[in-house]
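Asker:
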Amino acid sequence: MLRTLISFRRLFLMLFMIANFSQSTQAQQTNPDDVYQLGGDSQRQDGVPQGVVTRHEWTSQIFAGTVREYHVYVPKQYDGTQPACLMVFQDGHAYLDENGQVRVSVVFDNLIHHGKMPVTIGLFINPGHNGGEIPESRWRANNRSFEYDTLSDQYARFVVQELLPHVVEEHKLKISSDPADRAICGMSSGGICAFTAAWEHPEWFGNVLSHIGSFTNIRGGHAYEAMIRKTEKKPIRVFLQDGENDLDNEHGNWWLANLQMEKALKFKGYDYKFVGGTGAHSGKHGGAIMPESLTWLWRDHVAGPEPVTEAQAEPVDAKTVYEEKSIAWTGAEYKDEEFRYRLMKPAAIEAEQKYPLVIFLHGAGERGTDNALQLLYLPTQMAQPRWREKFPCYVLAPQCRPDRKWLEVDWTSKTDPVSPDEPTAQLSTVMEMIERTIKEEQIDPDRIYLTGLSMGGFGSFDLASRRPEWFAAVAPICGAADPAKVVALKDIAIWAAHGDADTVVPVERSRSAVQHLTEAGGKPVYVELPGVGHNSWAPSYSDNDGLVPWMFRQRRTAASK
Numbered sequence: 004m005l006r007t008l009i010s011f012r013r014l015f016l017m018l019f020m021i022a023n024f025s026q027s028t029q030a031q032q033t034n035p036d037d038v039y040q041l042g043g044d045s046q047r048q049d050g051v052p053q054g055v056v057t058r059h060e061w062t063s064q065i066f067a068g069t070v071r072e073y074h075v076y077v078p079k080q081y082d083g084t085q086p087a088c089l090m091v092f093q094d095g096h097a098y099l100d101e102n103g104q105v106r107v108s109v110v111f112d113n114l115i116h117h118g119k120m121p122v123t124i125g126l127f128i129n130p131g132h133n134g135g136e137i138p139e140s141r142w143r144a145n146n147r148s149f150e151y152d153t154l155s156d157q158y159a160r161f162v163v164q165e166l167l168p169h170v171v172e173e174h175k176l177k178i179s180s181d182p183a184d185r186a187i188c189g190m191s192s193g194g195i196c197a198f199t200a201a202w203e204h205p206e207w208f209g210n211v212l213s214h215i216g217s218f219t220n221i222r223g224g225h226a227y228e229a230m231i232r233k234t235e236k237k238p239i240r241v242f243l244q245d246g247e248n249d250l251d252n253e254h255g256n257w258w259l260a261n262l263q264m265e266k267a268l269k270f271k272g273y274d275y276k277f278v279g280g281t282g283a284h285s286g287k288h289g290g291a292i293m294p295e296s297l298t299w300l301w302r303d304h305v306a307g308p309e310p311v312t313e314a315q316a317e318p319v320d321a322k323t324v325y326e327e328k329s330i331a332w333t334g335a336e337y338k339d340e341e342f343r344y345r346l347m348k349p350a351a352i353e354a355e356q357k358y359p360l361v362i363f364l365h366g367a368g369e370r371g372t373d374n375a376l377q378l379l380y381l382p383t384q385m386a387q388p389r390w391r392e393k394f395p396c397y398v399l400a401p402q403c404r405p406d407r408k409w410l411e412v413d414w415t416s417k418t419d420p421v422s423p424d425e426p427t428a429q430l431s432t433v434m435e436m437i438e439r440t441i442k443e444e445q446i447d448p449d450r451i452y453l454t455g456l457s458m459g460g461f462g463s464f465d466l467a468s469r470r471p472e473w474f475a476a477v478a479p480i481c482g483a484a485d486p487a488k489v490v491a492l493k494d495i496a497i498w499a500a501h502g503d504a505d506t507v508v509p510v511e512r513s514r515s516a517v518q519h520l521t522e523a524g525g526k527p528v529y530v531e532l533p534g535v536g537h538n539s540w541a542p543s544y545s546d547n548d549g550l551v552p553w554m555f556r557q558r559r560t561a562a563s564k
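FYI, the numbering for the sequence shown is 4 to 564, going by our numbering.
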């Protein structure tokens with residue numbers, strides 16, 4: 004009996020050891036990347052228009068003698084009327100493969116269609132190869148490490164000064180030069196390359212997306228965490244992804260290196276996000292979160308998806324959210340005259356928070372004394388939940404008296420207006436309303452915006468020219484400006500829009516204003532809408548990734564104060 008019991012115990016121990024060994028072996032063989040799967044925004048969806056991808060080759064001068072393959076993605080929604088955003092990808096073949104781990108063109112199609120990211124041109128660049136044919140495995144290009152891992156501005160110059168101008172010319176593209184509208188992305192050595200490009204030239208690239216970035220000592224990249232801490236913060240937004248099972252070799256530990264980068268960015272106060280996981284050195288985790296990564300990176304470039312619930316879709320009556328205000332004003336023919344206006348405040352105001360102020364100057368059709376007509380168009384739009392939640396702000400809506408103008412000129416004239424030395428009485432009251440609002444409300448002085456349509460477009464140019472130090476951005480629609488005075492706005496962000504079929508205010512007026520601003524050294528954004536008549540404000544204000552999101556990204560610069 005005792006012998007039987009001993010045998011049973013031996014058998015039990017043997018089975019227990021075999022089971023443990025089996026479980027250990029199975030754990031060792033499990034791929035840590037298996038937990039990462041592509042979601043719906045990385046799959047083809049019915050009804051989503053597909054962008055066009057074209058393949059090209061390029062022989063570089065900056066990387067002398069190298070030949071490379073690159074692809075250009077143009078979304079279906081791109082029409083060339085306004086500058087598109089740009090996103091550059093290193094190891095473009097890996098990001099573009101529709102059967103691969105990331106599938107960027109599919110993600111772009113879906114996110115742009117659903118209003119989750121702006122219309123964006125994709126430039127997918129493979130590393131250069133010296134001598135002979137390009138290897139079948141694009142990872143084997145022999146200039147890859149030199150181009151990607153070297154801490155210099157050579158790769159950034161190659162993209163911006165050499166390849167991009169050719170792409171723009173060949174494809175007749177209109178791409179924004181604003182670094183906030185440009186992103187650069189890569190994985191592994193391509194990840195550190197993306198960071199290097201923005202680090203060296205933040206005036207070219209304002210957004211970085213790095214997957215399993217090689218911030219290790221391949222060619223000195225381990226120094227970045229110290230450089231970030233000791234260098235003045237740069238205007239770069241950074242998204243980092245890595246996994247705890249990433250590489251660990253003679254160059255360093257990838258996981259620890261990315262953790263160091265995350266801590267350095269946090270210490271310096273960067274706008275950044277780090278997503279860590281359990282993955283290895285592959286694109287699976289980065290691919291699985293690509294839609295969320297892009298949504299975060301471009302979060303201030305879009306108003307966001309249209310409302311889907313019945314409650315959200317019910318229009319808000321602007322009169323219910325705009326408070327009635329008034330000032331007593333003396334000047335010209337008025338003495339202690341009451342001028343009424345409307346003011347919308349942010350839906351929720353935090354005690355220590357400062358908020359943007361938007362001043363809207365209406366057109367001739369909204370003149371009156373009812374203190375209501377001026378709420379048409381942009382003020383009503385900004386009162387809707389989709390816009391009010393996305394862009395919490397104050398909106399000031401004054402009303403011009405009947406038969407008066409913000410600027411007393413002939414709107415239909417075929418020549419540019421000449422502004423009088425003094426503002427009109429109507430515009431003077433607006434200036435007092437602005438000063439009062441700034442004094443009494445929680446206004447961010449670096450985020451005051453002015454926009455207007457038609458008569459209000461004339462008024463916007465005129466008011467901004469008189470007080471340029473007030474404004475971070477000015478957006479006149481189908482307006483006109485005095486060439487001698489508009490040059491005062493050269494250091495201010497300007498977005499001008501006009502329909503080329505406008506029969507009320509000739510389109511030449513906006514063209515002239517933009518030309519004079521540009522000649523003075525300004526960098527205005529000009530959107531001319533083909534086939535659109537006088538109501539160019541409708542498509543301008545409602546554009547998901549256009550004027551309004553652009554306006555809220557602007558900050559008053561030191562030069563404009």
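Glycine included, every Cβ here is placed at the ideal spot set by N, Cα and C.
Remember, it's a predicted structure, so these values are computed and weren't measured experimentally.
So what does DSSP say about H427, is it helix, strand or coil?
Answerer: First, the amino acid is wrong: residue 427 is Thr here, not His. T427: coil per DSSP, three-state reduction.
Asker: Can you tell which of N538, D449, L430 has its C-alpha closest to the C-alpha of I480?
Answerer: Residue N538 is the option with its Cα nearest to I480.
Asker: Return the first residue and the last residue of the beta strand (DSSP E) that P479 is part of.
Answerer: It spans 476-480 - the beta strand (DSSP E) in which P479 sits, taken as one unbroken run.
Asker: Could you check how far apart the C-beta atoms of F149 and Y76 are, in whole angstroms? I think they sit under 8 Å.
Answerer: That belief does not hold up - the Cβ atoms of F149 and Y76 are roughly 26 Å apart, past 8 Å.
Asker: Specify the secondary structure class of H117 as computed by DSSP and reduced to three states.
Answerer: Of the three classes helix, strand and coil, the one that applies to H117 here is coil, per DSSP.
Asker: Assess, as a yes-or-no matter, whether the region 182-202 is touched by the region 529-536 under the definition of 3 or more beta carbon pairs within less than 8 Å.
Answerer: Not touching, per the Cβ criterion.
Asker: By how many angstroms is the C-alpha of W257 removed from the C-alpha of Q239?
Answerer: It should be noted that the sequence gives Ile, not Gln, for residue 239. Taking the straight line joining both Cα atoms gives about 22 Å.
Asker: Please report the straight-line C-alpha distance between L379 and G460, rounded to a whole angstrom.
Answerer: Roughly 15 Å between the two C-alpha positions.
Asker: Can you tell me where the alpha helix (DSSP H) holding Q384 begins and where it ends?
Answerer: Segment 381-385, the alpha helix (DSSP H) holding Q384.
Asker: Pick out the complete alpha helix (DSSP H) segments inside the region 252-298, 4 residues or longer, and give them in chain order.
Answerer: Taking only runs of at least 4 residues, the alpha helix (DSSP H) segments lying wholly in the region 252-298 are 257-271, 287-291.
Asker: In terms of residue numbering, what span does the alpha helix (DSSP H) encompassing R389 cover?
Answerer: Taken as a continuous stretch (DSSP letters only), the alpha helix (DSSP H) holding R389 covers 388-393.
Asker: Going by DSSP in three states, L492 sits in which element: helix, strand or coil?
Answerer: Three-state result, L492: helix.
Asker: Once DSSP output is grouped into helix, strand and coil, what is the label at G50?
Answerer: Three-state DSSP puts G50 in coil, outside helix and strand.
Asker: With I231 and G216 assumed to form a contact (beta carbons below 8 Å), what rounded beta-carbon distance in angstroms separates them?
Answerer: So it is not a contact: roughly 13 Å between Cβ atoms.
Asker: Could you check the C-alpha separation between Y39 and L114 for me, to the nearest Å?
Answerer: So the alpha carbons of these two residues sit roughly 20 Å apart.
Asker: DSSP three-state call for L453: helix, strand or coil?
Answerer: Note: L453 maps to strand in three-state DSSP.
Asker: Residues in its own chain within less than 8 Å of M20 by CB, not counting five upstream and five downstream?
Answerer: Because M20 sits at a pLDDT of 47, beneath the cut-off of 50, its placement in the model cannot be relied upon, and the following sentence gives the value as read from the coordinates. Hits under 8 Å: none found.
Asker: Check the DSSP bridge columns for W91 and list the partner residues they point to.
Answerer: Note that residue 91 is Val in the sequence shown, not Trp. Bridge partners of V91: L126, I187.
Asker: Among the residues of its own chain, which have a CB less than 6 Å from the CB of R343, if the five just before and after it don't count?
Answerer: Taken in chain order, the residues that qualify are S329, N374.
Asker: Measure the beta-carbon distance from L300 to Y544 and round it to whole angstroms, keeping in mind my assumption that it falls under 8 Å.
Answerer: Incorrect: roughly 25 Å between the Cβ atoms, too far for contact.
Asker: Looking at the unbroken beta strand (DSSP E) that takes in R244, where does it start and where does it end?
Answerer: A small fix is needed here, since residue 244 is Gln in this sequence, not Arg. Where Q244 is concerned, the enclosing beta strand (DSSP E) stretches over 240-246.
Asker: Between the region 480-495 and the region 427-438, can you find at least three pairs of beta-carbon atoms closer than 8 Å?
Answerer: Touching, no.
Asker: Report the CB separation of A260 from H288 in whole angstroms; it is logged as a contact under 8 Å.
Answerer: So it is not a contact: roughly 16 Å between Cβ atoms.
Asker: Mind checking who E531 pairs with in its DSSP beta bridge?
Answerer: According to DSSP, which records beta bridges pairwise, E531 is partnered with H501.
Asker: Leaving aside the five residues before and after R58 along the sequence, list all residues of the same chain whose C-beta is less than 6 Å from its C-beta, in chain order.
Answerer: Closer than 6 Å at the Cβ level, and outside the excluded window around R58, lie H74.
Asker: Sorted by chain position, which residues of the same chain lie with C-beta nearer than 8 Å to A351's C-beta, five sequence neighbours on each side aside?
Answerer: Correct list, in chain order: P395.
Asker: Taking only the alpha-carbon atoms, compute the straight-line gap between D156 and E355 and give it to the nearest angstrom.
Answerer: Spanning the two alpha carbons is a distance of roughly 41 Å.
Asker: In angstroms with no decimal places, state the Cα-to-Cα distance between E206 and W332.
Answerer: Roughly 45 Å separates the two Cα atoms.
Asker: If you reduce the DSSP assignment to three classes, tell me which class D320 lands in.
Answerer: Three-state DSSP puts D320 in coil, outside helix and strand.
Asker: Buried or exposed: where does F24 fall if 16 or more other Cβ atoms within 10 Å of its Cβ makes it buried?
Answerer: Legend: pLDDT at F24 = 44, less than 50; position of this residue unreliable, value from coordinates given subsequently. Exposed, since its Cβ has fewer than 16 Cβ neighbours within 10 Å.
Asker: Tell me whether P509, by its Cβ, gets closer than 7 Å to a heavy atom of the ligand FMN.
Answerer: Ligands are entirely absent from the displayed structure, and the ligand FMN is therefore not among its contents.
Asker: Considering only residues of the same chain and omitting the five flanking positions on each side of R556, which have a CB-CB separation below 7 Å?
Answerer: A183, D303.
Asker: In angstroms, rounded to a whole number, what distance separates the CA positions of G462 and D413?
Answerer: Rounded to whole angstroms, G462 to D413 spans 13 Å at the Cα level.
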